[in-house]
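> The numbers in our numbering rise by one with no breaks, and the one at position 97 of the sequence shown is 97.
Below you will find the structure I want to go over with you.
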Amino acid sequence: MPPGVRGGLAAVVAAATVMMGVGASQETPPSTADVPVRIVLLGTGTPNATPDRMGPATAIVVGDTPYLIDAGPGVVRRAAAAAARGVAALRVANLRHLFVTHLHSDHTVGYADLILTPWVLERAAPLEAYGPPGLRAMTRHLLAAYREDIDIRLHGLEPANRTGYRVNVHEVAPGVVFRDRGAGVTVEAFRVPHGSWRHAYGYKFVTPAGVIVISGDTGPFDGLAEIARGADVLVHEAYATEGWKRREPVWQRYHAAFHTPGSKVGEIAARGGVAAVILTHQLTWSATEADLVAEVQRTFTGRVVFGRDLDVFDLRELTGRARVPDPGSSGQ
Ligand SMILES: [Zn+2]
Ligand SMILES: [Zn+2]
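Shown next, in the form of structure tokens:
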């Protein structure tokens with residue numbers, strides 16, 4: 001990297017703020033009781049380049065505000081597709097909040113896309129990116145990699161705004177990392193065991209329509225049942241044990257440490273008393289989708305959905321719950 005570039009680009013990556021109350025409004029919050037909350041699966045894939053599954057990315061859309069979890073390959077175009085299908089909040093220039101679970105490439109290859117493409121499409125606000133340690137360095141290096149592009153757009157004929165490519169990076173520790181009182185949204189990060197990763201997070205979203213827990217990539221994690229206690233929806237990664245049994249031992253060891261079998265997902269969902277499970281980041285190998293769903297249903301009697309790209313779930317419709325549960329209660 002040429003001298004000076006690092007310092008110059010560092011200036012566009014805002015100082016870290018591990019924070020409480022970001023974006024919090026001091027005014028009396030408007031009623032959020034009827035605000036629609038939707039879960040949109042933008043990418044349900046894995047590192048496998050499966051043509052009909054983009055890389056991991058989920059959107060939680062609260063009213064007109066989308067919150068993205070992870071930025072796998074294809075995230076921006078999937079958001080555009082969802083907007084074209086009627087989730088207008090996911091129009092590209094409206095993508096402003098990102099929560100990164102961990103820095104595995106399948107979850108972050110779309111990060112540069114999410115920084116730059118919405119800016120080109122006239123997003124003026126900087127991207128607010130939350131995630132584990134390492135996110136700031138990744139951001140700085142991506143901006144350095146695209147320095148020529150950014151310079152041309154800023155200083156050439158293109159009428160680009162001067163702010164929309166910037167990123168406010170928030171390297172966060174487990175705990176409440178975001179709160180918007182006006183919108184009635186709180187986001188909590190929690191640590192998950194993802195093989196040898198030092199920092200891998202899941203996120204719990206408390207919204208006006210209910211509580212959504214996102215596992216991120218995780219090995220079998222009993223503690224998640226407590227974290228998800230009373231949640232409405234658990235969006236969990238999963239692999240099919242029947243397929244796993246026919247993998248080579250070296251891969252079996254890897255998957256057993258880095259990911260979670262469907263049977264364990266069911267167990268966690270049952271113990272946590274959640275209303276519904278959405279499976280994502282699925283690995284079935286030689287087993288079938290039905291095998292994986294059945295494996296979860298062996299212990300969990302609530303609704304189980306095998307997620308697909310561009311699935312849209314209205315939170316209240318999905319769970320059949322009309323009221324916000326107390327996150328501290330059993331939720332049943
Ligand atoms: Zn992954
Ligand atoms: Zn991973």
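Think of the CB as a built atom: it goes at the ideal place given N, C-alpha and C, for glycine as much as any other residue.
1) When DSSP builds the beta bridges, which residues end up paired with K204?
2) Helix, strand or coil: which one does DSSP assign to A276?
3) Say yes only if the C-beta of D52 is nearer than 7 Å to one or more non-hydrogen atoms of ligand 1, and no if none qualify.
4) Hey, which unbroken runs of the beta strand (DSSP E) at 3 residues or more fall wholly within the region 283-318?
5) Does DSSP put D180 in a helix, in a strand, or in coil?
6) Which word fits A84, buried or exposed, when buried means at least 16 other C-beta atoms lie within 10 angstroms of its C-beta?
7) Going by C-alpha distance, which of G86, A82, V177 is nearest Y130?
8) Taking 8 Å as the threshold, find out whether the region 241-256 comes into contact with the region 204-212 through three or more Cβ pairs.
9) Out of E317, V265, H281, point me to the one whose CA is closest to T299's CA.
10) DSSP on P66, reduced to helix/strand/coil?
11) Report the option in A225, P249, L283 whose CA atom is closest to the CA atom of G262.
12) Quick one: does the C-beta of H236 sit closer than 7 Å to a heavy atom of ligand 2?
13) Cβ-heavy atom distance between H336 and ligand 1 below 7 Å?
14) Taking 7 Å as the cut-off, is the beta-carbon of P36 closer than that to any non-hydrogen atom of ligand 1?
15) Could you work out which residue in V213, D314, R140, V169 is closest to G86 when comparing CA atoms only?
16) Do H97 and G216 have their beta-carbon atoms positioned less than 8 Å apart in this structure?
17) In whole angstroms, what is the alpha-carbon distance linking A137 and R181?
18) Is the Cβ-Cβ distance between V167 and P126 less than 8 Å?
19) Ordered along the chain, which non-local residues of its own chain (more than five positions away) have a Cβ less than 7 Å from that of L41?
20) For the beta strand (DSSP E) that V167 lies in, which residues bound it at each end?
21) Mapping DSSP to helix, strand and coil, what is T117?
22) Sorted by chain position, which residues of the same chain lie with C-beta nearer than 6 Å to E171's C-beta, five sequence neighbours on each side aside?
23) Could you have a look at P126 and say whether DSSP puts it in helix, strand or coil?
24) Taking 7 Å as the line, does the beta carbon of H107 fall inside it for any heavy atom of ligand 2?
According to the structure data:
1) Position 204 of the sequence shown, counted from the first residue, corresponds to residue 204. E188, V213.
2) Taking the sequence shown and counting its residues from 1, one reaches residue 276 at position 276. Strand, per DSSP.
3) Here residue 52 refers to the residue found at position 52 of the sequence shown. No, the Cβ of D52 stays beyond 7 Å of every heavy atom of ligand 1.
4) 303-306, 312-314
5) The residue labelled residue 180 in the question sits at position 180 within the sequence shown. Note: D180 maps to strand in three-state DSSP.
6) For the purposes of this step, residue 84 is identified with residue 84 of the sequence shown, where counting begins at 1. Per the 10 Å Cβ criterion, exposed.
7) Residue mapping note: residue 130 aligns to position 130 of the sequence shown, counting from 1. It is V177.
8) no
9) To locate residue 299, count along the sequence shown from 1; it is residue 299. Out of E317, V265, H281, V265 has the C-alpha closest to the C-alpha of T299.
10) For the purposes of this step, residue 66 is taken as the residue at position 66 of the sequence shown. Correct three-state label for P66: strand.
11) Locating residue 262 in the sequence shown gives position 262, where the first residue counts as 1. When only C-alpha atoms are compared, the closest one is L283.
12) Mapped onto the sequence shown, residue 236 falls at position 236. Result no, Cβ not under 7 Å from ligand 2.
13) Outside the shown range of the chain (1 to 332) lies residue 336, about which nothing can therefore be said.
14) To locate residue 36, count along the sequence shown from 1; it is residue 36. Answer for P36: no, Cβ out of range of ligand 1.
15) To locate residue 86, count along the sequence shown from 1; it is residue 86. Nearest of V213, D314, R140, V169 to G86, Cα basis: D314.
16) Here residue 216 refers to the residue found at position 216 of the sequence shown. Here residue 97 refers to the residue found at position 97 of the sequence shown. Contact flag unset, no.
17) On the sequence shown, position 137 is the one that residue 137 refers to. On the sequence shown, position 181 is the one that residue 181 refers to. So the two alpha carbons sit approximately 30 Å from each other.
18) To locate residue 167, count along the sequence shown from 1; it is residue 167. To locate residue 126, count along the sequence shown from 1; it is residue 126. Yes, the pair counts as a contact, with Cβ atoms nearer than the cut-off.
19) In the sequence shown, counting from the first residue as 1, residue 41 sits at position 41. Here the set comprises T58, T280, G307, R308, D309, L310, D311.
20) Residue numbering aside, residue 167 sits at position 167 when the sequence shown is read from its first letter. Taken as a continuous stretch (DSSP letters only), the beta strand (DSSP E) holding V167 covers 167-171.
21) Taking the sequence shown and counting its residues from 1, the one referred to as residue 117 is at position 117. Three-state DSSP puts T117 in a helix.
22) Sequence index remark: in the sequence shown, residue 171 carries index 171 (1-based). The residues are A16, P133, L135, R136.
23) Taking the sequence shown and counting its residues from 1, one reaches residue 126 at position 126. If DSSP states are grouped into helix, strand and coil, P126 belongs with coil.
24) Against the sequence shown, residue 107 aligns to sequence position 107. True, at least one ligand heavy atom lies under 7 Å from that Cβ.
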